[in-house]
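One structure below.
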Amino acid sequence: MAVKLIHISLILLSLVSTFEACPKCGSMDVPYPLSTSDNCGDPKYRIYCNNGSLEFLSAQGFYYKILSINPSSYKLIIRPPSIQNPMCQSSDLPQGGLLLNDNSPFNISTRNTVMLFNCSDNILLSPLNCSSNSVCKLFEEQSVEGSGCRNTLCCSFLKDASITSHRIRVRVGGCTAYTSVVEMRSNAPFDSWNYGIELQWAPPSGDSHFRGH
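Letter by letter, the sequence shown follows residues -21 to -1, 1 to 192 of mature numbering (1 follows the signal peptide of the UniProt record, and there is no 0).
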């Protein structure tokens, strides 16, 4: 009987530990349900602590640094991939850009203004803003990172609900580079842009009963 009770206690202890928020990674808190190991958080919401830096892993195996986390709104912001000059190629071009698993609890929020660079003429058939007043032109002209993309076709769009919420695609023969700004305000000065890709997650059922830090 005592052995059974010990066994049950160990099972309960294991279950309770999964309700706990994970320890800090560097200076950043890891709020529940985000998980950096099988022993804390919810493993379905896996992120990674690499050398004191929190990172998000795409479905294609590319790591993106996590810049901030807002647990109250179930959102986090990852750093856009670097744009390699003079080729005007995003560092995640070999992976086809950012791709999330369709069954992942994460998706790309609708507050991202995405800019695509070095695009083929085929993109003109899409309902994107590829005009001379697109914000992507300002990025090319005023950003060192965007300077290698000057004089290429670029377009921008707000990633709304009508567009897949699990991918930002780049490819040779399409657009080879991109960046993103979170909650871009109309007529906002260039130096005030909040560069990042905002992801949001679906909260686990009954999350109000779980414990955090």
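By construction, the Cβ of each residue, glycine as well, lies at the ideal position given by its N, Cα and C atoms. Fair warning: this is a prediction, and the values are worked out from it, not measured in the lab.
Other residues of its chain near residue i: CB distance less than 6 Å, five sequence neighbours each side excluded
i	result
L80	A small fix is needed here, since residue 80 is Asn in this sequence, not Leu. If we look at N80 and ignore the five residues flanking it on each side, its Cβ neighbours are A38.
W172	V160
L78	S37, A38, Q39 and R146
L137	T92
P60	S69, S70 and D71
P65	G127
C19	E(-2) and C1
Distance between residue j and residue i (C-alpha atoms, nearest Å)
i	j	result
R90	V9	23 Å
S47	E(-2)	20 Å
S32	K3	10 Å
S70	E119	17 Å
L(-7)	P182	Any reading at L(-7) must be qualified, since the residue scores a pLDDT of 46, below 50, and its modelled position is unreliable; the value itself is stated next. Distance between the alpha carbons of L(-7) and P182 is about 18 Å.
F35	K44	6 Å
S165	Q63	28 Å
C1	S51	17 Å
S122	S88	24 Å
N101	N130	17 Å
N82	V149	22 Å
First through last residue of the beta strand (DSSP E) which encompasses residue i
i	result
V149	From DSSP, V149 is part of no beta strand (DSSP E); its letter is neither H nor E.
residue 206	Residue 206 is absent from the structure shown; the chain starts at -21 and stops at 192.
A156	C154 to V161
C1	C1 to C4
N18	No beta strand (DSSP E) holds N18; DSSP gives it neither H nor E.
I45	Y42 to N49
Chain-order list of residues whose beta-carbon lies under 7 Å from that of residue i (same chain, five-residue window excluded)
i	result
F41	D71 and Q74
L(-9)	Confidence at L(-9) is low in this model, with a pLDDT of 43, below 50, so the placement of that residue should be treated as unreliable; the coordinate-derived value is given next. Excluding residues within five positions, none has a Cβ falling inside 7 Å.
C28	C4 and T15
Subject >> Contained beta strand (DSSP E) runs [length at least 3] in the stretch 54 to 140, N- to C-terminal order >> reply: Listed in chain order, they are 54 to 57, 76 to 78, 85 to 87, 91 to 98 and 132 to 137.
Original post:
Are there three or more Cβ pairs, one per stretch, closer than 8 Å when the stretch 143 to 150 is compared with the stretch 12 to 23?
Top reply: Flag = no, the stretch 143 to 150 and the stretch 12 to 23 do not touch.
Subject >> Cβ contact (3+ pairs, closer than 8 Å) linking the stretch 169 to 188 and the stretch 48 to 57 >> reply: The stretch 169 to 188 and the stretch 48 to 57 touch, with no fewer than 3 CB-CB distances between them shorter than 8 Å.
Original post:
At a cut of 8 Å, does the stretch 148 to 155 reach the stretch 105 to 116 through at least three beta carbon pairs?
Top reply: Contact between the stretch 148 to 155 and the stretch 105 to 116 is absent: fewer than three C-beta pairs spanning the two stretches fall below 8 Å.
**OP:** Ignoring anything shorter than 3 residues or poking outside the stretch 163 to 188, list the beta strand (DSSP E) runs there in chain order.
**Re:** Along the stretch 163 to 188, the beta strand (DSSP E) occurs as fully enclosed runs of 3 or more residues at 176 to 180, listed in sequence order.
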